[in-house]
Amino acid sequence: MRNNIVHFWVAEQTYEIREIVEVWNKIKSFWVTIIWENIWDPVSKWEKVPTWLREIVKNNIDEDDSFAYSPSKWVLETREYLAKKNWKITSDDIIFFNWLWEAINKVYWYLAISARVLWPNPAYPTHSSAEATNSGSFHITYNLNPDNDWNPDLEEIENKVRYNPNISAILVINPDNPTWAVFKKKTLKWIIDIAKKYDLFVIFDEIYEKLTFEEEDRVLLKDIIWDVPGIAMKWLSKEVPWPGSRCWWIEVYNQDKDEQFRKYIKSVFFSKMLEVCSTTLPQKVLPDIYESIDFKKSLKDRIKKYKERAQIVEDIFWDLDLIKFVKPKGAFYCAIIFNLDKFPKNPTLKIENDNLKWYIEWICVDLRFDKKFCYYMMAAYWICTVPLSWFNSSYHWFRMTLLEEDLEKFKHIVKTIKKAIIEYSKN
Ligand SMILES: Cc1ncc(COP(=O)(O)O)c(C=O)c1O
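Using our numbering, you'd call the opening residue of the sequence shown number 82 and step up by one each time.
Right under this line is the structure:
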């Protein structure tokens with residue numbers, strides 16, 4: 082090529098949740114059955130799609146307009162339905178996207194190149210990749226502290242904002258991925274105060290909001306935003322077992338309070354018009370889903386189940402000083418952090434099959450500590466988890482789900498992981 086055509090960020094791009102599956106695909110010829118703990122896909126993992134959800138979709142299939150284009154912003158009835166539930170916005174403040182990457186790309190790519198967003202560290206990588214790609218530079222982050230229930234140090238946030246004049250927005254993911262923290266109201270209000278003081282806007286990814294374990298912990302952007310410009314990101318796929326619906330929307334606050342912000346949102350909307358509209362069916366069924374008694378009941382049942390499983394993990398790990406475990410406060414995963422100083426320099430796990438052992442040793446050369454653990458555990462104990470250092474994080478840790486339906490099987494999985502961690506500390 083005459084010029085360098087590869088974006089600087091490409092070398093950094095990775096998506097371990099799927100990458101580990103690629104590794105598994107290469108080694109599946111070894112005939113072992115894997116326990117998948119890497120991703121939330123209830124349909125393949127544990128759940129029949131419920132009849133009430135099927136019925137709602139079927140009813141809408143009988144209507145011709147389910148097959149038509151929808152307005153660029155969204156099906157109007159659905160936008161009006163959502164706006165009625167939230168007095169801070171009107172239906173014009175809602176824009177609908179097909180999926181996460183589309184929403185995130187449009188939100189970050191339509192920012193001026195010099196306008197930076199301040200990130201949590203660790204951070205969900207889809208956000209960080211898009212922002213860094215747009216700005217052509219590495220991200221600027223604030224730390225989440227596991228010793229304070231993952232709440233951030235607000236002084237650090239304020240200092241970062243004060244000394245980086247390019248910072249134009251602060252991102253909060255609440256409940257958070259990958260820490261599964263639910264942030265205190267005080268913390269969130271402080272972030273809004275900082276945004277107000279330094280004339281920034283805020284982005285709140287609230288896709289797990291309905292899966293906050295304790296009702297009183299649930300604080301949404303709309304509850305605290307005041308007159309600060311902001312964007313809340315919402316998503317259906319975690320609340321119902323329909324991850325393939327690929328249906329996102331943003332709610333925009335206080336467009337009228339800042340001319341720059343209004344112009345920016347207009348450009349995001351314009352980009353949506355360029356592709357006409359998003360998929361119609363998931364938008365149409367949303368009010369029926371939210372109004373369904375079965376939906377409300379299923380949320381309650383699921384939260385109960387995830388809380389119970391989070392407690393089981395804590396009970397099984399409580400005496401293990403090789404790791405740190407912060408009990409999740411929402412969603413359906415948990416994260417386990419290695420205490421690195423308690424492990425040898427180059428640990429491994431025993432793999433019975435010689436060919437598999439050879440393959441894992443080969444791919445693990447120079448791998449990060451947590452990634453290597455996940456690959457070894459997959460080959461030695463047949464449990465597939467996700468390493469988390471790639472979430473822009475300095476910790477070495479991994480994630481498992483709280484999904485397993487069969488309680489005894491779930492306990493067995495956690496105990497096996499504990500056994501693997503202990504073995505990793507000895508070899
Ligand atoms: C904070 C956050 N935002 C967005 C997404 C994307 O959701 P989906 O995987 O359904 O596209 C995820 C997925 O894990 C997430 O954790």
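In this text, a Cβ means the ideal position worked out from N, Cα and C, and glycines have one as well.
For the beta strand (DSSP E) that residue i lies in, which residues bound it at each end?
i      : result
Lys405 : Ile404 to Phe406
Asp286 : Phe282 to Asp286
Phe419 : Tyr414 to Phe419
Ile194 : First-last for Ile194: undefined, no H or E at that position.
Glu356 : Taken as a continuous stretch (DSSP letters only), Glu356 belongs to no beta strand (DSSP E), as it is neither H nor E.
Leu252 : Ile248 to Ile254
Ala149 : Segment: none, Ala149 is in no beta strand (DSSP E) and carries neither H nor E.
Ile312 : Gly311 to Trp316
Trp330 : Trp329 to Tyr334
Tyr223 : Ile221 to Asn224
Phe177 : Ile175 to Phe178
Closest to residue i by CA distance: which of the options is it?
i      : options                           : result
Trp133 : Pro322, Tyr387, Asp339 and Phe450 : Pro322
Asp173 : Val198, Ala412, Ser195 and Val333 : Val333
Phe350 : Asn226, Glu183 and Arg83          : Glu183
Trp307 : Tyr457, Glu295, Val283 and Arg299 : Val283
Gly411 : Leu430, Leu380 and Thr466         : Leu380
Asn186 : Glu212, Lys166, Glu118 and Ala204 : Glu212
Ile312 : Pro324, Ala250, Lys266 and Ser153 : Ala250
Leu317 : Asp274, Thr114 and Tyr289         : Tyr289
Phe424 : Lys344, Asp447 and His477         : His477
Trp330 : Ile272, Trp180, Ser209 and Ile170 : Trp180
Lys496 : Phe472, Val394 and Thr222         : Val394
Asn226 : Lys500, Ser474, Glu485 and Asn434 : Ser474
Arg343 : Met354, Cys328, Lys408 and Pro310 : Pro310
Tyr387 : Ile498, Ala204, Leu488 and Phe178 : Leu488
Thr293 : Ile115, Arg383 and Leu469         : Arg383
Cys415 : Asp422, Phe491 and Asp447         : Phe491
Ser470 : Leu421, Asn229, Thr159 and Pro409 : Leu421
Phe376 : Asp396, Trp117, Thr214 and Pro131 : Pro131
Lys554 : Glu320, Glu433 and His220         : Here the chain has residues from 82 to 508 only, and residue 554 is not among them.
Asp234 : Asn247, Trp200, Ser506 and Leu437 : Trp200
Ser506 : Glu486, Tyr457, Met481 and Glu485 : Tyr457
Asp230 : Ala204, Ser352 and Phe406         : Phe406
Arg449 : Pro468, Ile170 and Asn436         : Pro468
Asp435 : Phe413, Ala461 and Ile417         : Ala461
Locate the alpha helix (DSSP H) running through residue i, then write down its first and last residues.
i      : result
Phe491 : Leu488 to Lys507
Glu136 : Thr132 to Ile142
Ile432 : Unbroken run through Ile432: none, as it is neither H nor E.
Arg480 : No alpha helix (DSSP H) contains Arg480, which is instead part of the beta strand (DSSP E) from Trp478 to Thr482.
Ile272 : Lys266 to Lys278
Ile238 : Leu235 to Tyr244
Lys166 : It is not in any alpha helix (DSSP H) - Lys166 carries neither H nor E in the DSSP assignment.
Tyr387 : Ile374 to Phe398
Ser210 : Pro206 to Ser216
Tyr457 : Phe450 to Tyr462
Asp304 : Leu302 to Ile305
I think residue i touches residue j, with their Cβ atoms under 8 Å apart; what is that distance to the nearest whole Å?
i      : j      : result
Ile137 : Val366 : 5 Å
Asn232 : Asn202 : Not confirmed; about 13 Å, so no contact.
Met314 : Asp286 : 5 Å
Gln364 : Trp155 : 6 Å
Ser216 : Arg197 : 6 Å
Leu269 : Arg390 : Not confirmed; about 27 Å, so no contact.
Thr466 : Ser151 : Between Ser151 and Thr466 the Cβ distance is about 39 Å, and since that is not below 8 Å, they are no contact.
Ile464 : Ile494 : 6 Å
Ile305 : Ile273 : 5 Å
Pro206 : Phe479 : With 8 Å as the limit, Pro206 and Phe479 do not qualify as a contact, their Cβ atoms being about 15 Å apart.
Cys358 : Ser153 : 5 Å
Lys499 : Phe419 : Contact doesn't hold; Cβ gap of about 13 Å is too wide.
Ile115 : Met459 : 7 Å
- Message: Quick test of the definition: if touching needs 3 or more C-beta pairs under 8 Å, does the segment 367-375 touch the segment 185-193?
- Response: The segment 367-375 vs the segment 185-193: no contact.
- Query: Below 8 Å, can you find three or more Cβ-Cβ pairs linking the segment 235-243 to the segment 253-262?
  - Reply: No, the segment 235-243 is not in contact with the segment 253-262.
- Spell out a yes or no on whether the segment 272-283 and the segment 394-412 are touching, meaning 3 or more CB-CB pairs, one atom from each, closer than 8 Å. No, the segment 272-283 does not touch the segment 394-412.
- Query: Just checking, does the segment 142-150 make contact with the segment 288-305 on the three C-beta pairs under 8 Å criterion?
  - Reply: When C-beta atoms of the segment 142-150 are compared with those of the segment 288-305, fewer than three pairs fall below 8 Å, so the two segments do not count as touching.
- Say whether the segment 451-460 touches the segment 414-431, bearing in mind that this needs 3 or more beta-carbon pairs closer than 8 Å, one atom from each stretch. By the Cβ criterion, the segment 451-460 is in contact with the segment 414-431, since at least three pairs of Cβ atoms, one from each stretch, lie closer than 8 Å.
- Message: So, does the segment 434-447 touch the segment 159-167, judging by three or more C-beta pairs under 8 Å?
- Response: No, the segment 434-447 does not touch the segment 159-167.
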